[in-house]
Amino acid sequence: MKYLIVLILFVAVSIGLKSQTGNHIHHLYGLSEPTSGLIKIQALNQQSNIAVEIETFSSGFSLGEAYAYALNSNQLFLIENVQPTVSILNTYFLPEIYFSNFTGQSFLTTQGTNVSAFCVNPIFDNFLYSFSVNSGLVQQLNANGGVVLNSTLNFDLQDEQSLKMFYFDDRIYLTGSDLANGTSKIYMLSANGLSFIDSAIVNYTSLSLSAHPQFGVYGIAQNAAQENVLVELGPTSLILTEKGNLPSCVSCTTESVTFDRNALVIDNETNSLIAVRSETIAGNIAFYLSTFSLSDGSTIYEQALSERISNLIFVKPLDDLVYPGDANHDKIVNMEDLLPIGLKYNDLVSPRTQVSTAWIGQLAQNTNDTLLLNGADRKHADCNGDGQINEVDLEAIYENYSYMHYSEKSTNANCDFPLYMVFPALAKEEEQVSIGIGIDLSTNSLQNIYGLSFTLEYDTNFVLENTLFTEGVNTWFGVENSDYIQISIDDYKSGKVDIGITGIDKLNRTGGGVLLNGVWTMEGEVIPISQSFDDMTMRISNVVLIDFEENLLDACGIDTSMRVYSKEVSVFDRTEKYLDLAPNPSKLNYISLSELTGLIYVEMYDLQGKLLEVWNDNFDNMNIAAYNKGVYLIKAHTKGESYYAKLLTTN
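The sequence shown finishes on residue 660 if you use the numbering used here, and the numbering steps up by one all the way, no holes.
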């Protein structure tokens, strides 16, 4: 009888974990073009190839043309060029999170310019900027129609198919390919006055960049050998830093791998870059939705698409999302979720738009009443969204048991200036970890700041004693020891570090983003043997924020956690070498490494680090027929050396 019970539980959990991915629609949107003149907005899933239609509308806009998105108001701007000198600005509203009965609104305004590239200040959505190949001018547009201001310089960019324009930290950036010289150009202008600041020529045949106010500027570049790489742009130096290799063609004479320049967006929940690429092999084209780590370009998710998706938008909800059943908001549904329901039993909260226990992130209003257990908002205990916490909410625990998600935790309170943390894509035992600590000014743009102090509380089980320190970064707040100073004092016994940062130039700051980094070394043995990861709880508290006029500003901290992985989880370490794998992508049932001399054995892993296969011989014909279409990791060992490669199978 015991064996029967165990078998039933195993099957139930397996089915749950499998369906978790299939049902989970993220707050990611993209456009497709089913027919000419018809545009479809879809909600996308990074973990599967699900695309749910939001709305379809007729438009002269063509897929992959100039567009922009305003974070503060969830407005999508599309440009339609109907005549050589007339453009139509289409303003479309997106929901903060997918729900089935959403109907957007659209407004049309006429602009007296032919728009080749377009961007918007993501915080103040009434500041619109465009570039026209015909005139060579960057212009500031009025959202109600018409040109407000012209740039002082004409910009020599003629290849409309490569143009990209974006706003970051009070500057406008314009990029494009120089086809004659096989390079790309970057221009930087002041958003205030459109005056020229600097330019750079980079040795990439193509370059597509995406910016996020808090995370910086990242993108994808391709060199003359058709190799795709993840790059980070120094926003003031205009220097590109290569972060890691991305999928590229193997035999570039018969195939190509390219990324859609307008299907590129930063996911600010998982510190990653979402992109759409097309692969043409022997005349057949396939599309993929990929999520890459910003730290090293490694693949987090990889999904085939049934059609081309472009013009991606990642919407960050103003409040954290409720995942039905995760009553304590610790990112997993388990038996601990019974406790908040008991603590808040019969309490009333604002009902959600939909009464639902479906495993999708659901928009819900914060209550400003948090759990002492971990600082999560009370709203999460209303699992089904009907506005009352009671026994009905237990159904969501049964339905979604063992499901996991990656939504951020609630802040302790709503305020004008919330602080936040930016975590690395992969934090492991024994390694040094660096997190970004920032402040969000987008909720109250009328105020400036000059200095602040706060306490960072952390779990000492994860931190090696006497290793935690802070380091300044050159950002919107200024240059350390020139524009500002910062100090930190660590009290390891209490698990607290007090941090202060203040300007020294007697000038208020605006802009928002990362202020400084917190750095420490992880303990070596903190993950239980029975699991591959654990969550390190962290909190920012005791926030004091002032402007130069000595006004006390409304600021608050955050309760959150960082996922820490066992040192055994990572398949590769930094001493390993990259390996050319053929065929890759593989449509065959085998892979070959016969050209690697001195080969002892080869391993195959999934993206979670699980060992799937070991080959000790026959390295020219290693069978992979049993594995489904997807991305796998190959690790090859010779005497004293290790090599790795990513394998994309299309079986």
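Ideal Cβ placement from N, Cα and C applies to all residues, glycine included.
*Per-residue burial, V553 [other beta carbons within 10 Å of its own, 16 or more giving buried]*: Taking the sequence shown and counting its residues from 1, the one referred to as residue 553 is at position 544. By the 10 Å Cβ count, V553 comes out exposed.
*asked:* Give me the residue from L562, N237, C128, A209 with the minimum Cα distance to A220.
replied: The residue given as residue 220 occupies position 211 in the sequence shown. Of L562, N237, C128, A209, the residue nearest in Cα terms is C128.
*Under 8 Å Cβ to Cβ from E345, same chain only, skipping five residues before and after it: list those, please.*
Residue numbering aside, residue 345 sits at position 336 when the sequence shown is read from its first letter. Excluding positions up to five away in sequence, the list reads N337, D339.
*According to DSSP, what are the bridge partners of M6?*
The displayed coordinates of the chain run from 10 to 660. Any statement about residue 6 would go beyond what the structure contains.
*N- and C-terminal bounds of the beta strand (DSSP E) containing Y38*: For the purposes of this step, residue 38 is taken as residue 29 along the sequence shown, with counting starting at 1. Counting along the chain, the beta strand (DSSP E) containing Y38 begins and ends at 37-44.
*Kindly identify the DSSP beta-bridge partner or partners of S304.*
By one-based count along the sequence shown, residue 304 stands at place 295. In the DSSP output, where bridge partners are listed per residue, S304 has none listed.
*Strand pairing of F323, partner residues [DSSP]*: Indexing the sequence shown from 1 puts residue 323 at position 314. F323 is bridged to L37.
*Start and end of the alpha helix (DSSP H) containing G351?*
Stepping through the sequence shown from its first residue, residue 351 is reached at position 342. Start and end: 347-352.
*Who does P244 pair with in a DSSP beta bridge?*
Locating residue 244 in the sequence shown gives position 235, where the first residue counts as 1. In DSSP, P244 forms no bridge with anything.
*Any idea which residues DSSP pairs E251 with across the strands?*
By 1-based counting over the sequence shown, the position of residue 251 is 242. In DSSP, E251 forms a bridge with V240.
*Note down, one range per segment and in chain order, each beta strand (DSSP E) of at least 3 residues found wholly within the stretch 469-510.*
478-481, 493-500
*Could you give the residue range of the alpha helix (DSSP H) that holds A405?*
For the purposes of this step, residue 405 is taken as residue 396 along the sequence shown, with counting starting at 1. Unbroken alpha helix (DSSP H) run through A405: 403-409.
*Say whether the stretch 73-85 touches the stretch 348-364, bearing in mind that this needs 3 or more beta-carbon pairs closer than 8 Å, one atom from each stretch.*
no
_When you compare the CB positions of G566 and I549, do they come within less than 8 Å of one another, or not?_
The count along the sequence shown starts at 1 and reaches residue 566 at position 557. The count along the sequence shown starts at 1 and reaches residue 549 at position 540. Yes.
*Determine the DSSP secondary structure at R518, reduced to helix, strand or coil.*
The residue given as residue 518 occupies position 509 in the sequence shown. In this structure, R518 counts as strand in the three-state DSSP scheme.
_Suppose you measure from the CA of G394 to the CA of G145; what does that come to, to the nearest Å?_
Indexing the sequence shown from 1 puts residue 394 at position 385. Indexing the sequence shown from 1 puts residue 145 at position 136. Distance between the alpha carbons of G394 and G145 is about 53 Å.
*asked:* Which runs of the beta strand (DSSP E) at least 3 residues long sit entirely within the stretch 63-148? Give them in chain order.
replied: 76-79, 84-92, 95-102, 115-120, 126-129, 137-140
*Sorted by chain position, which residues of the same chain lie with C-beta nearer than 7 Å to L198's C-beta, five sequence neighbours on each side aside?*
Here residue 198 refers to the residue found at position 189 when the sequence shown is read from its first residue. Excluding sequence neighbours, L198 sits near V147, S160, R180, I181, S204, F205, I206.
_Cβ-based burial, S603 [other Cβ within 10 Å; buried from 16]_ = Translated into the one-based positions of the sequence shown, residue 603 becomes position 594. Label assigned to S603: exposed.
*Does DSSP classify R317 as helix, strand or coil?*
Counted from its first residue, the sequence shown places residue 317 at position 308. Here R317 sits in coil by DSSP.
*Leaving out five residues on either side along the sequence, give the residues of the same chain with a beta carbon under 7 Å from the beta carbon of N271.*
The residue given as residue 271 occupies position 262 in the sequence shown. The answer, listed in chain order, is G73, Y76, S319, N320.
*Same chain only: Cβ atoms within 7 Å of S217, ignoring 5 sequence neighbours per side*: For the purposes of this step, residue 217 is taken as the residue at position 208 of the sequence shown. So the qualifying residues of the chain are K173, G228, I229, F268, R270, L273.
*Is the Cβ-Cβ distance between G112 and E169 less than 8 Å?*
Your numbering for residue 112 matches position 103 in the sequence shown. Your numbering for residue 169 matches position 160 in the sequence shown. In the sequence as presented, Gly is not what sits at residue 112; that position holds Thr. The answer is no: Cβ separation not under 8 Å.
*For L621 versus Y614, is the C-beta distance shorter than 8 Å?*
What you label residue 621 is simply residue 612 of the sequence shown in a count that begins at 1. What you label residue 614 is simply residue 605 of the sequence shown in a count that begins at 1. Taking 8 Å as the Cβ cut-off, L621 and Y614 qualify as a contacting pair.
*DSSP on A390, reduced to helix/strand/coil?*
Reading the sequence shown from its first residue, position 381 is the one you call residue 390. A390 falls in the helix class under three-state DSSP.
*For my contact list, A564 and F432 are in at a C-beta cut-off of 8 Å; report their separation, rounded to the angstrom.*
In the sequence shown, counting from the first residue as 1, residue 564 sits at position 555. In the sequence shown, counting from the first residue as 1, residue 432 sits at position 423. The pair is not a contact, with the Cβ atoms about 21 Å apart (cut-off 8 Å).
*Three CB pairs or more closer than 8 Å across the stretch 454-469 and the stretch 304-311*: no
*Closest by C-alpha distance to R572, when choosing among N560, V535, G607*: The residue you call residue 572 lines up with position 563 of the sequence shown. Comparing Cα-Cα distances from R572 to each of N560, V535, G607, the minimum goes to V535.
*Might you give, ordered along the chain, the residues of its own chain that have their beta carbon closer than 6 Å to the beta carbon of M547, omitting 5 neighbours on each side?*
Here residue 547 refers to the residue found at position 538 of the sequence shown. These residues qualify, in order along the chain: Y467, T569.
*Measure the Cβ-Cβ separation of L255 and F296 and say whether it is below 8 Å.*
Position 246 of the sequence shown, counted from the start, is the residue given in the question as residue 255. Position 287 of the sequence shown, counted from the start, is the residue given in the question as residue 296. Not closer than 8 Å, so no.
*So what's E288 in DSSP terms, helix, strand or just coil?*
For this step, residue 288 is matched to residue 279 along the sequence shown. Three-state DSSP puts E288 in a strand.
*Quick one: using the 10 Å Cβ neighbour count with 16 as the cut-off for buried, is F478 buried or exposed?*
Sequence index remark: in the sequence shown, residue 478 carries index 469 (1-based). Per the 10 Å Cβ criterion, exposed.
_Outcome for P349 when other beta-carbon atoms lying within 10 angstroms are tallied against a minimum of 16_ = Reading the sequence shown from its first residue, position 340 is the one you call residue 349. Under this definition P349 is a buried residue.
*Taking 7 Å as the cut-off, is the CB of S302 close to at least one heavy atom of the ligand HEM?*
The ligand HEM is absent from the structure shown, which contains no ligands of any kind.
*Across which residues does DSSP place W624 in a beta bridge pair?*
Translated into the one-based positions of the sequence shown, residue 624 becomes position 615. W624 pairs with V611.
*Of the residues N637, K644, Y636, the one placed nearest F628, counting alpha carbons only*: Within the sequence shown, residue 628 is the residue found at index 619, counting from 1. Taking only the C-alpha atoms, the option nearest F628 is K644.
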